[in-house]
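Reminder that position 26 of the sequence shown reads as 26 in this note's numbering, one-by-one numbering, no gaps. Ideal Cβ placement from N, Cα and C applies to all residues, glycine included. Remember, predicted model here, so these are calculated numbers, not experimental data.
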Amino acid sequence: MKRFLKYLLILPPAVLCCIAVILSHQKKMPAADEIRAAAESDRSAWLMLQGWNGELLYSRPVTVPYEITESFADYAALQTRQRLPLMQYAGKHGVLYTYRLENSDLYAELLTADGMLIGAQCYEPETGRMLNIHGKAVQ
Numbered sequence: 001m002k003r004f005l006k007y008l009l010i011l012p013p014a015v016l017c018c019i020a021v022i023l024s025h026q027k028k029m030p031a032a033d034e035i036r037a038a039a040e041s042d043r044s045a046w047l048m049l050q051g052w053n054g055e056l057l058y059s060r061p062v063t064v065p066y067e068i069t070e071s072f073a074d075y076a077a078l079q080t081r082q083r084l085p086l087m088q089y090a091g092k093h094g095v096l097y098t099y100r101l102e103n104s105d106l107y108a109e110l111l112t113a114d115g116m117l118i119g120a121q122c123y124e125p126e127t128g129r130m131l132n133i134h135g136k137a138v139q
């Protein structure tokens with residue numbers, strides 16, 4: 001019985017210590033509304049953090065809609081799940097950058113406004129299927 005009590009007293013602090021070590025070694029990601037994307041080097045660095053190298057194909061100006069229409073709903077929901085501040089920029093002008101991703105059949109789109117990343121997705125160019133920025137299917 002004494003042995004059981006001894007383990008019972010030692011186990012919780014040991015578990016907490018392990019959790020603290022694991023959390024302290026995780027990569028520190030900036031808050032989603034603080035991801036700088038004004039320069040190509042910023043966008044390339046962010047893509048690399050997500051596990052991608054990409055070649056910029058083109059960019060085009062866009063306006064973030066005020067309303068979440070049926071065609072925009074899935075994209076807006078994806079940005080919310082990825083904790084990107086898309087809807088904070090409703091009605092604002094931005095730039096959509098399209099990249100061809102190396103070692104993949106995927107493309108990535110990064111949406112920026114006011115020099116910040118506000119939206120991101122991968123997609124299959126043949127089908128147009130939307131994926132999250134890690135190339136995983138959107139649920």
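According to the DSSP assignment, Tyr-75 belongs to no beta strand (DSSP E) but to the alpha helix (DSSP H) extending over 70-81.
Just measuring C-alpha positions, the residue of Arg-83, Gln-88, Gly-54 sitting nearest Pro-65 is Gln-88. Only residues of its own chain outside the window of five on either side were considered, and among them Ser-59, Arg-60, Pro-61, Val-62, Leu-111, Thr-112, Ala-113 have a CB closer than 8 Å to the CB of Val-95, listed in chain order. When DSSP states are grouped into helix, strand and coil, Ala-39 belongs to the coil group. For Val-95, the enclosing beta strand (DSSP E) stretches over residues 93-101. Per DSSP, reduced to three states, the secondary structure at Ala-137 is strand. Checking the DSSP bridge columns, you'll see Ser-104 has no partner listed.
In the three-state reduction of the DSSP assignment, Gln-50 falls in the coil class, being assigned neither a helical nor a strand state. Per DSSP, the continuous beta strand (DSSP E) segment holding Gln-121 begins and ends at 116-123.
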